[in-house]
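Visitor: Structure in structure tokens, see below.
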Amino acid sequence: MEHIDTTAADQLRQIVERIEAQNERIADETEARKEIYAEAKTLGYCPKTISKIVALRKKRAEDIAEEEAIEAVYREALGL
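Going by my numbering, 497 is the number at position 36 of the sequence shown; the sequence numbering is gapless.
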């Protein structure tokens with residue numbers, strides 16, 4: 462095995478540690494999001510619908526309209 466430059470090894474170690482720390486933050490945020498959805502459910506709200514609303518709020522109005530139009534065509538074609 463070749464000798465790895467200690468500076469490069471330190472850089473690599475720092476990168477890996479930063480990624481690990483970010484993964485921990487993501488896991489914490491995911492858990493917090495689950496708790497919010499659970500709270501909404503206990504208050505009588507539908508978490509699935511809330512999730513759809515959150516996704517819709519991220520999109521542009523034009524994109525939403527296009528998706529709804531395509532969905533309407535598909536529903537009509539399937540007799541729904």
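Cβ atoms here follow ideal geometry from the backbone N, Cα and C, with glycine treated the same way. Remember, predicted model here, so these are calculated numbers, not experimental data.
#1: Among 504, 471, 489, 498, whose alpha-carbon lies nearest the alpha-carbon of residue 512?
#2: Cutting at 7 angstroms between CB atoms, please list the residues of its own chain near residue 525, excluding the five before and the five after it.
#3: Return helix, strand or coil for residue 520, following the three-state DSSP convention.
#4: Does DSSP put residue 504 in a helix, in a strand, or in coil?
Guide: The structure says:
#1: That would be 498, whose Cα lies nearest to the Cα of residue 512.
#2: The residues are 517.
#3: Assigned with DSSP and collapsed to three states, residue 520 falls in coil, not helix or strand.
#4: Residue state for residue 504 is assigned as coil, using DSSP reduced to three classes.
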